[in-house]
């Protein structure tokens with residue numbers, strides 16, 4: 001798998017992958033399941049930038065939705081040219097193998113050649129098991145039929161929506177993907193603002209949302225891998241470093 005996954009990379013670096021995922025999340029109207037599926041694919045696509053090899057059953061297990069719902073979400077992502085699905089066949093035992101998935105660069109979402117048919121990849125049976133390290137399962141909200149709880153949930157969603165409306169749109173979409181409550185978003189965005197303000201140059205979110213969203217996605221990926229203990233501290237350092245880099249580049253020109 002190592003050899004042929006490397007041949008199907010769609011990005012040259014993790015930063016490119018992060019920025020593409022951030023752009024897809026920000027610029028497409030996806031429901032929560034579709035966003036969770038894209039996020040999971042991105043987590044499995046870090047080693048070979050943009051390429052992963054997964055069974056649908058693995059996605060079902062981690063996202064917590066039915067097989068039918070996951071397949072519908074994958075089809076939706078493919079129809080929007082966010083991902084490309086490549087079928088594989090087993091060379092020795094025959095039959096259909098686990099699909100490969102490519103996360104596509106955001107600018108390819110406006111192109112039509114992504115719908116061209118691709119020949120199935122032949123794999124050996126010893127590669128059936130996914131070699132990419134799995135990450136923490138996504139947190140899935142449990143709905144309740146209790147009317148009172150539903151009313152409380154609606155109120156919380158309205159408060160959250162009001163807060164997100166005050167944040168630059170693409171960054172708001174990313175925060176909405178990763179954080180459930182307005183309290184979490186308020187604290188995280190406060191950290192982001194504080195970190196950006198420490199840069200020696202004036203840097204605007206609106207002009208550099210791709211870089212900042214990519215940085216946030218990268219931090220959250222590491223956090224979900226349990227490689228970060230202090231999320232606020234790591235995010236602060238990352239955003240500050242990103243703002244300084246952007247400021248220096250703009251100063252040079």
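In full-length UniProt numbering, the protein residues as written are 1 to 253. Beta carbons are placed, not taken as given, at the ideal position from N, Cα and C, and that holds for glycine.
Looking at the backbone, the Cα of residue 76 and that of residue 36 are separated by about 13 Å. Each residue's CA atom was taken as its position, placing residue 185 and residue 97 some 40 Å apart. Scanning its chain for C-beta atoms nearer than 6 Å, with the 5 sequence neighbours on each side dropped, one finds around residue 22 the residues 174, 213, 214, 217, in chain order. Residue 78 and residue 5 have their alpha carbons spaced roughly 19 Å apart. Between the region 10-19 and the region 47-67, the count of Cβ pairs shorter than 8 Å is three or higher; the stretches touch. For the region 11-92, the continuous alpha helix (DSSP H) assignments of 4+ residues that do not extend past its boundaries occur at 14-27, 32-43, 56-63, 67-79, in sequence order. With fewer than 16 other Cβ atoms inside 10 Å of its own Cβ, residue 12 counts as exposed. A distance below 9 Å separates the beta carbons of residue 160 and residue 182. The beta carbon of residue 219 lies closer than 8 Å to those of 228, 231, 234, 235, 238 in the same chain, with the five residues before and after it left out. Counting only residues of its own chain and dropping the five nearest sequence neighbours on each side, residue 82 has a CB closer than 8 Å to the CB of 24, 28, 38, 103, 104, 109. In the DSSP assignment, residue 101 falls within the beta strand (DSSP E) that extends over 99-103. Per DSSP, residue 199 lies in no alpha helix (DSSP H) segment and is marked neither H nor E. An exposed status is given to residue 249, since fewer than 16 other beta-carbon atoms sit within 10 Å of its beta-carbon. Closest option to residue 62, judged by alpha-carbon separation, among 80, 41, 72: 41.
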